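For what it's worth, numbering that gives the first Met the number 0 labels the leading residue of the sequence shown as 0, then goes sequentially.
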Amino acid sequence: MKQTRLTNDKDITVKGVTVGNLKDGDVIVKGTPLADILERILNKVADPTGSISSSISNIEIGTVLNHNITAAFNKNDGGDLTGFVLRRNSVAVINATALQTYNEKATIGNTAFSYQATFSYGAGASLPAGSFTSNTVTITGRRNAFYGVNGTVTTSANIRAFTGKLLNPANGSSFTIDIPAGATSVEFAYPDTLRDVTTVRHVETNFDVKEVFTKTLVNVEGANGFTAVGYKVYRYTPAVPFSAAQKYTITI
Numbered sequence: 000m001k002q003t004r005l006t007n008d009k010d011i012t013v014k015g016v017t018v019g020n021l022k023d024g025d026v027i028v029k030g031t032p033l034a035d036i037l038e039r040i041l042n043k044v045a046d047p048t049g050s051i052s053s054s055i056s057n058i059e060i061g062t063v064l065n066h067n068i069t070a071a072f073n074k075n076d077g078g079d080l081t082g083f084v085l086r087r088n089s090v091a092v093i094n095a096t097a098l099q100t101y102n103e104k105a106t107i108g109n110t111a112f113s114y115q116a117t118f119s120y121g122a123g124a125s126l127p128a129g130s131f132t133s134n135t136v137t138i139t140g141r142r143n144a145f146y147g148v149n150g151t152v153t154t155s156a157n158i159r160a161f162t163g164k165l166l167n168p169a170n171g172s173s174f175t176i177d178i179p180a181g182a183t184s185v186e187f188a189y190p191d192t193l194r195d196v197t198t199v200r201h202v203e204t205n206f207d208v209k210e211v212f213t214k215t216l217v218n219v220e221g222a223n224g225f226t227a228v229g230y231k232v233y234r235y236t237p238a239v240p241f242s243a244a245q246k247y248t249i250t251i
């Protein structure tokens, strides 16, 4: 006696639920064997995954980048990778059939570099061919705060020569200046888009000594002579050199 193979008699669209490896929007086409439908309901399928990464995210504005955007792909229950497109600021810089590493050599300016990839893959045993987009990696040029002792504060070069740096300072940022015995001055500077300094805490006594600092304004360049912006520059010159090593903790 011939067995009748049960199938669905119309297209069925999955709506608002995820069951097994069926998800919202999937269509079970007319004529699909009931056994196949049950298999899709009772077996969870792992979609392919992929990502991109970089060793940096924020860097001083004006820096000439030389870094790699790397990619990883895991087919899970899908098929092999068939396409890899990497875009930087929406423009394709790689369009290949296999993973490739992208080396970025460019100056980071006022516009961030934003990268995203599209991975395409073939059909697996229980998963149709498809594609997906990756996470986004963004690299942004930032300004530094500069600080140190025994410095000069009249030019951009003076400020950039300070030994201490803090990338991307913000209101509320803090840093500590180590002042050696014999130092004749203490200086710090940060972009003038931020508020005036909140506190300069003398660590050894816990006193706020910001009132002893004099503020001036200096235009300071980014890395490699990138366009200068206004900086608030603070300097304290004691009547006599510091007699012992001390610390100042600055809070913007």
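Idealized CB from N, CA, C, for every residue including glycine. Since we're looking at a predicted model, the values are computed, not measured.
Specify whether the region 152–163 and the region 216–223 touch according to this definition: at least 3 beta carbon pairs, one from each stretch, less than 8 Å apart.
With the rule of 3 Cβ pairs closer than 8 Å, the region 152–163 counts as touching the region 216–223.
Just verifying my parser: in three-state terms, what is the DSSP assignment at residue 0?
Annotation note: pLDDT 49 at residue 0 (below 50); position unreliable, coordinate value reported separately. Three-state result, residue 0: coil.
Per DSSP, which residues does residue 52 bridge with? Please list them.
Among the bridge pairs identified by DSSP, residue 52 is matched with 69.
Which residues share a DSSP beta bridge with residue 80?
120
Considering only residues of the same chain and omitting the five flanking positions on each side of residue 105, which have a CB-CB separation below 8 Å?
In its chain, beyond the 5 residues on either side, 63, 64 and 112 have a beta carbon closer than 8 Å to the beta carbon of residue 105.
Identify every run of the alpha helix (DSSP H) within the region 113–185, keeping only runs that are complete inside it and at least 4 residues long; order them along the chain.
155–159
Please report the straight-line C-alpha distance between residue 185 and residue 226, rounded to a whole angstrom.
26 Å
Beta-carbon within less than 7 Å of residue 45's beta-carbon, same chain only, minus the 5 sequence neighbours each way: which residues are those?
Closer than 7 Å at Cβ, skipping near neighbours: 75 and 76.
DSSP state of residue 41, grouped into three classes?
helix
The beta strand (DSSP E) with residue 208 in it runs from where to where?
Where residue 208 is concerned, there is no enclosing beta strand (DSSP E), given that its DSSP letter is neither H nor E.
Starting from residue 59 and walking both ways along the beta strand (DSSP E), at which residues does that stretch end?
57–59
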